[in-house]
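Asker: Quick one: structure below, then a few questions.
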C-alpha cells in the first residue's frame with residue numbers, strides 16, 4: 001500500500017461528491033471542517049505547505065517556536081464507509097510481471113486514498129472488511145488518528161475465506177440508519193451473494209453506494225498461460241483448465257456474469273466501475289469519483 005505522504009499527493013485535488021439527496025441533504029461537497037460560528041475547536045496539527053496563514057496559531061508559535069494550524073470541526077451529516085472484499089479470490093496476482101501487485105493490494109490502496117480525501121474534508125469515515133465469512137468493522141470517526149487506525153487495519157488485512165452470508169451482514173451493519181457514502185471494492189465474482197444483497201439494500205435505503213469491480217488483465221482478456229490448471233481458492237472442488245477449447249466458454253460465462261451484475265446495478269442506480277489492476281491507480285481513482293460528479 002502507498003505511504004501516507006503518497007496517498008495525500010494522489011488525493012490533494014480530489015473531493016467526495018454526494019450523488020443523491022440523503023436524509024434531506026443536498027447534492028455536492030459536504031466537507032465538515034471549516035472555521036466560523038457554530039464550529040468547535042478540534043485539534044492542532046503541524047503546518048503544511050498550502051495551509052492558509054490565517055489559520056496559524058501565532059500564540060502557540062511564540063511558545064513552541066513551531067508553526068501549528070488550528071483545526072475546527074462541525075458535525076458532518078454524512079459518513080464515508082470503505083467496504084473491502086478481502087476474500088480468497090482477491091489474492092489473485094497480476095500475471096503481467098508486476099511484483100507484489102494483486103487485487104487486494106489495489107483495493108486496499110484505492111480505499112486508503114478515499115480515506116485520505118474524507119479526512120481532508122473533515123468527514124467521518126469507517127471501514128468494513130468482508131473476509132473469512134466474517135465482517136470486521138472500524139467504527140466511523142474523524143481526524144488524523146482515525147486515518148492511522150484505518151490504514152493500520154488495511155495493512156493487516158489478508159485475503160482468505162469466502163464472503164459472509166446475508167444474515168451475518170444484515171446483523172453487522174450499524175451504519176444503515178445514518179446517511180452515508182459507501183465505496184465498495186471487490187472483484188464481484190460472487191453475484192448474487194450476501195455482499196450483493198447488503199449493498200443493494202443500502203442503496204434502497206437511499207445511501208450513496210458506488211462499486212469498483214477489480215479484475216486482472218488476464219481475467220479480462222482470458223490471457224492465462226495455455227494448458228494451465230487453476231483451483232478456485234474459495235471452492236476446493238473447483239478446478240479449471242485453460243486450453244484452446246475452454247477459452248471461449250470462459251469468456252462467454254464471464255461476460256454474461258458481469259452483464260447481469262451491471263444491469264442490476266443500473267436498475268438500482270448504483271454506479272459500478274470495472275477496472276484492471278494493471279491500470280494506473282490515480283486514473284482509476286479519478287474515474288471512480290467522477291461517477292459521483294466532478295473530481
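In full-length UniProt numbering, the protein residues as written are 1 to 295. For every residue, glycine included, the Cβ atom is placed at its ideal position computed from N, Cα and C.
Does DSSP put residue 273 in a helix, a strand or coil?
Answerer: Of the three classes helix, strand and coil, the one that applies to residue 273 here is strand, per DSSP.
Asker: Please classify residue 191: does DSSP put it in a helix, a strand, or coil?
Answerer: It is coil, neither helix nor strand.
Asker: Classify residue 215 as helix, strand or coil using the three-state DSSP reduction.
Answerer: In this structure, residue 215 counts as strand in the three-state DSSP scheme.
Asker: Nearest by alpha-carbon distance to residue 105: which of 140, 136 and 151 is it?
Answerer: Comparing Cα-Cα distances from residue 105 to each of 140, 136 and 151, the minimum goes to 151.
Asker: Report the rounded CA-to-CA distance for residue 60 versus residue 68, giving the unit in angstroms.
Answerer: Computed Cα separation, rounded: 7 Å.
Asker: Are the C-beta of residue 67 and some C-beta of chain B separated by less than 8 Å?
Answerer: Within the model displayed, chain B is absent; a lone protein chain is all it includes.
Asker: Need the endpoints of the alpha helix (DSSP H) that residue 152 sits in, please.
Answerer: Its alpha helix (DSSP H) spans residues 144-156.
Asker: Among 219, 196, 199 and 54, whose alpha-carbon lies nearest the alpha-carbon of residue 242?
Answerer: For residue 242, the nearest C-alpha among the options comes from 219.
Asker: Cα separation between residue 144 and residue 119?
Answerer: When rounded, the distance between both Cα atoms is 7 Å.
Asker: Just to confirm before moving on: does the CB-CB distance between residue 306 and residue 198 stay below 8 Å?
Answerer: Because the chain here runs from 1 to 295, residue 306 falls outside it and cannot be looked at.
Asker: Below 8 Å on the Cβ atoms is my guess for residue 126 versus residue 81; work out the distance and round it to an integer in Å.
Answerer: Between residue 81 and residue 126 the Cβ distance is about 6 Å, and since that is below 8 Å, they are a contact.
Asker: Under the three-state reduction of DSSP, which class applies to residue 204: helix, strand or coil?
Answerer: Here residue 204 sits in helix by DSSP.
Asker: When burial is assigned at 16 or more other CB atoms within 10 Å of the CB, is residue 30 buried or exposed?
Answerer: Reliability of the predicted coordinates at residue 30 is poor, the pLDDT of 46 falling under 50, and no value is obtained from them.
Asker: Judging by CA-CA distance, which residue of 221, 265 and 48 is the nearest neighbour of residue 249?
Answerer: Checking every option, the nearest Cα to that of residue 249 belongs to 221.
Asker: Using the Cα positions of residue 33 and residue 128, report the straight-line distance between them to the nearest angstrom.
Answerer: Caution is warranted here: a pLDDT of 44 is assigned to residue 33, below 50, making its placement in the model unreliable, and the coordinate value is therefore given only provisionally. In a straight line, the C-alpha of residue 33 is about 24 Å away from that of residue 128.
Asker: Could you give the DSSP three-state label for residue 287: helix, strand or coil?
Answerer: Looking at residue 287 - three-state DSSP - the assignment turns out to be helix.
Asker: In this structure, does DSSP put residue 247 in helix, strand or coil?
Answerer: Note: residue 247 maps to helix in three-state DSSP.
Asker: To the nearest angstrom, how far is the alpha carbon of residue 133 from that of residue 246?
Answerer: Cα to Cα, residue 133 sits roughly 31 Å from residue 246.
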